[in-house]
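With my numbering as the guide, the letters of the sequence shown map in order to residues 13 to 110. We treat Cβ as the ideally placed atom computed from N, Cα and C, and that holds for glycine. In this text, all values refer to a predicted model and were calculated from it rather than measured experimentally.
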Amino acid sequence: MHGDDSFWRFGHYDGKWELQVMVVQWEGPHQPIVMWRPIRTWDAEPEPSVLNEAKKEACCSDNYIRYCTRCGRYMLKGHMHNEDTCQGCAERYLGVVH
Ligand SMILES: [Zn+2]
């Protein structure tokens, strides 16, 4: 539902528990820059179910992670060619060169 575990980072930072999502931006066509964006913080360590809800919310409402309808995989927004096609599928099926 919310992509690969590697898209997420969860830890104790500055006295708070924080959930972060990986954001990929492109500095030129072959220069991906990976950043971690805080999604939510908690004073006490949240239950796994709470953590999952926060991830789901970030996917659904904030579109950090999108679903590629061609390969059926969840991808980071930065790896999407458009709303419903990832960059890999755009190259494969649409002849787009990145
Ligand atoms: Zn795809």
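Ligand 1 heavy atom lying under 6 Å from the CB of residue i
i	result
C71	no
R82	yes
Residue i burial status per 10 Å Cβ neighbour count (16 or more: buried)
i	result
L31	buried
A66	buried
I77	buried
C98	buried
W20	buried
R49	exposed
Where residue i falls: helix, strand or coil (DSSP)
i	result
P50	strand
V62	helix
G23	strand
C98	strand
E57	coil
R104	helix
E30	strand
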